[in-house]
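Quick note, the sequences are listed as chains A and B, same order. Here the first sequence is numbered in our numbering, starting from 1 and rising by one per residue. Here the second sequence is numbered in our numbering, starting from 237 and rising by one per residue. Working notes, beginning with the structure itself.
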Amino acid sequence: MVKLTIDGKEVVAREGQTVLEAAQAAGIYIPALCYHHEVKPYTACRLCMVEVTKGKRTRFVTACDYVVADSMVVRTDTEKVKKCRKLVLELLMAQCPNLPQLQELAQIIGVEEVRFSKSNDDCILCGMCVRTCAEVVGLHAIGFEGRGFTRKVCTPFDEPSEPCILCGACSYICPVDVIPVEEVDGYRIMERWHKKSRLVACSKCGKYFMTEDEFRFLQEKTGLPEDRLRICMDCR
Amino acid sequence: MAEVATVENLEQNVREAMARYGNNPARMIEILQDLQDIYGYLSKDLLKEVSRQTEVPLARVYHIATFFKAFTLKPRGKYTIQVCTGTACHVKGSYRVLERLEDVLGVRAGDTTDDLMFTLETVNCVGACALGPVVIINGKYYGHVTPVQVESLIKEYRER
Ligand code: SF4
Ligand code: FES
Ligand code: FES
Chain A
1 MVKLTIDGKE VVAREGQTVL EAAQAAGIYI PALCYHHEVK PYTACRLCMV EVTKGKRTRF
61 VTACDYVVAD SMVVRTDTEK VKKCRKLVLE LLMAQCPNLP QLQELAQIIG VEEVRFSKSN
121 DDCILCGMCV RTCAEVVGLH AIGFEGRGFT RKVCTPFDEP SEPCILCGAC SYICPVDVIP
181 VEEVDGYRIM ERWHKKSRLV ACSKCGKYFM TEDEFRFLQE KTGLPEDRLR ICMDCR
Chain B
237 MAEVATVENL EQNVREAMAR YGNNPARMIE ILQDLQDIYG YLSKDLLKEV SRQTEVPLAR
297 VYHIATFFKA FTLKPRGKYT IQVCTGTACH VKGSYRVLER LEDVLGVRAG DTTDDLMFTL
357 ETVNCVGACA LGPVVIINGK YYGHVTPVQV ESLIKEYRER
């Protein structure tokens with residue numbers, strides 16, 4: 001057990017926990033867009049910056065990957081922290097001006113105007129989708145391209161990615177919801193990754209419940225007999 | 237001169253490049269550098285073969301290949317046009333020459349025309365400041381280049 005204080009409040013955390021996790025458990029809000037407990041911290045969005053004092057030294061760290069230590073003093077509410085957050089969000093909003101999720105956040109942390117020239121991206125480059133596909137699904141179907149100004153998230157060569165099974169995990173995890181999944185005429189379509197796969201209907205209730213690509217993936221992974229896999233979760 | 241890729245030489249060159257770095261996929265950058273030296277650029281087939289043999293997911297290989305400026309994923313043009321954007325040339329208006337070149341060729345600096353005739357690049361001072369704006373085409377220097385000259389210069393090379 002590790003004892004620390006966050007905003008003056010005594011908090012007990014588990015060894016190896018991050019400041020963000022400890023704060024969340026203690027009901028202290030830290031904005032965070034690129035963190036999820038299922039994937040490794042990536043420190044891409046920079047929204048979770050907090051002030052940490054250990055001994056005599058105070059510094060700014062990203063809460064999502066900074067591990068707690070005994071008698072550490074964390075502040076999430078100083079002027080400096082607030083200013084930093086606002087600036088980070090303002091930059092994100094300049095990059096992606098039309099995301100309701102960012103606008104909501106702006107209300108919470110108090111960003112009133114965006115002073116930077118705006119571009120018109122929709123992706124905040126948090127890498128959640130990329131990491132989820134790689135770390136949770138294990139497929140590495142999508143990734144980053146380029147660097148700096150022209151960096152983007154896409155499939156290799158921006159072409160239909162072979163490993164993608166259209167499971168939709170990336171869409172589910174995307175904090176700003178810009179990876180649409182559509183189902184039309186017996187197909188699932190993920191425009192962003194240029195993929196389309198026929199849907200499989202449950203052999204009992206007849207409802208579509210996964211794509212053929214997912215089906216093959218599961219078959220290989222689980223080794224379960226085909227007739228069992230053809231039954232949807234509800235009918236099992 | 238760059239080697240022309242075939243299925244066999246791709247397979248073999250990738251295998252050899254990997255072997256040079258102890259078959260360690262963490263040495264991806266060096267592996268790709270060696271392969272680019274052989275083929276002049278990193279083709280899609282090549283990157284797929286690298287991914288297959290190293291067992292590094294294609295999305296990762298693609299990220300590395302697009303991350304570093306030293307790598308190019310497009311074949312280079314027959315002629316490389318370098319526009320000096322060093323301070324002296326810039327002051328003398330090289331950016332206007334560059335703009336004109338981009339217009340005439342229909343590509344941005346760093347890119348190659350679809351017909352693989354020209355690759356357009358910028359360089360920073362080639363030590364010929366007195367001649368600025370300087371344009372170099374396959375090693376041949378052109379000094380005091382004006383935007384007006386660009387079209388005929390390109391035409392001349394196209395007709396060679
Ligand atoms: S598509 Fe969504 S999850 Fe993926 S990097 Fe962009 S914002 Fe993040
Ligand atoms: S949540 Fe920590 S940097 Fe994004
Ligand atoms: S600045 Fe162009 S040659 Fe020196």
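Think of the CB as a built atom: it goes at the ideal place given N, C-alpha and C, for glycine as much as any other residue.
Cut-off 7 angstroms between Cβ atoms - residues of its own chain near I189(A), not counting five sequence neighbours on either side: Its chain contains E182, K196 as the residues whose beta carbon lies nearer than 7 angstroms to that of I189(A), once the 5 sequence neighbours on both sides are disregarded; these appear in chain order.
Reduced DSSP category for I231(A) - H, G, I as helix; E, B as strand; rest coil: coil
Within-8 angstroms CB hit, G186(A) to chain B: no
Members of the region 48-72 of chain A near chain B, C-beta cut-off 8 angstroms: Interface annotation for the region 48-72 of chain A against chain B: empty, criterion Cβ-Cβ distance under 8 angstroms.
Residue-level contact to chain B via CB, E145(A), 8 angstroms cutoff: yes
Bridge partner(s) assigned by DSSP for S197(A): DSSP output for S197(A) lists R188(A) as bridge partner(s).
Coarse secondary structure for F144(A), derived from DSSP in three states: Looking at F144(A) - three-state DSSP - the assignment turns out to be strand.
Length at least 4, wholly inside the region 84-125 of chain A: the alpha helix (DSSP H) runs in chain order: 100-109
Members of the region 269-282 of chain B near chain A, C-beta cut-off 7 angstroms: K280
Paired residues, beta bridge with V11(A) - DSSP: L4(A)
Coarse secondary structure for N328(B), derived from DSSP in three states: Correcting the residue identity first, residue 328(B) is Lys in this sequence and not Asn. It is coil, neither helix nor strand.
Collapsed DSSP secondary structure at L356(B) in the structure displayed: strand
Contact with chain B by H140(A), beta-carbon distance below 8 angstroms: It does: the Cβ of H140(A) has a partner Cβ on chain B nearer than 8 angstroms.
C174(A): first and last residue of the uninterrupted alpha helix (DSSP H) it sits in: Careful: C174(A) lies outside any alpha helix (DSSP H) and carries neither H nor E.
Whole-number beta carbon distance between I317(B) and T290(B), since they are thought to touch under 8 angstroms: Going by Cβ atoms, the distance from T290(B) to I317(B) rounds to 35 angstroms, so no, they are not a contact pair.
Where Q318(B) sits in the DSSP three-state scheme: strand
Interface positions of the region 296-308 of chain B facing chain A (Cβ-Cβ less than 7 angstroms), listed along the chain: Taking a C-beta cut-off of 7 angstroms against chain A, the contacting residues of the region 296-308 of chain B are R296, Y298, H299, T302, F303, listed in chain order.
G363(B): CB within 7 angstroms of a non-hydrogen atom of ligand 3: Checking the 7 angstroms criterion, the Cβ of G363(B) is within range of a heavy atom belonging to ligand 3.
Minimum Cβ-Cβ distance from L246(B) to chain A less than 8 angstroms: no
Nearest-angstrom beta carbon gap, A26(A) and V11(A) [assumed within contact, 8 angstroms]: 5 angstroms
Close beta carbons around M1(A), own chain, < 8 angstroms, minus the five adjacent residues each side: V12, A13, R14, E15
Where P156(A) meets chain B, residues with beta-carbon distance less than 7 angstroms: L294, A295, Y298
Nearest neighbour of P293(B), chosen from V184(A), C133(A), T18(A) [CA to CA]: C133(A)
Run of the alpha helix (DSSP H) containing G129(A), from where it starts to where it stops: It should be noted that the sequence gives Cys, not Gly, for residue 129(A). From DSSP, the alpha helix (DSSP H) with C129(A) extends over 128-131.
Own chain, CB closer than 7 angstroms to H194(A), minus 5 neighbours either side, in chain order: T155, E159, P160
Through-space distance from L139(A) to M233(A), alpha-carbon basis: 23 angstroms
Pick from V297(B), G322(B), Q272(B) that is closest to G143(A), judged by C-alpha positions: V297(B)
Opening and closing residue of the beta strand (DSSP E) in which I372(B) lies: 371-373
Cβ-Cβ distance between P308(B) and L278(B) below 8 angstroms: With the sequence shown as reference, residue 308(B) is identified as Thr, and Pro is not the correct amino acid for it. In this structure, L278(B) lies closer than 8 angstroms to T308(B) by Cβ.
Cβ shell of V178(A) (< 8 angstroms), same chain only, five flanking positions each side left out: L99, D122, C123, R192
heavy atom of ligand 3 below 7 angstroms from M368(B) C-beta: According to the sequence displayed, residue 368(B) carries Gly and not Met. Yes - ligand 3 has a heavy atom lying nearer than 7 angstroms to the Cβ of G368(B).
Which residues DSSP lists as bridging K152(A), in chain order: E145(A)
Bridge partner(s) assigned by DSSP for V61(A): Answer is V50(A), bridged to V61(A).
With 16 other Cβ atoms within 10 Å as the buried cut-off, status of P175(A): buried
Residues that DSSP places opposite K376(B) in a beta bridge: I373(B)
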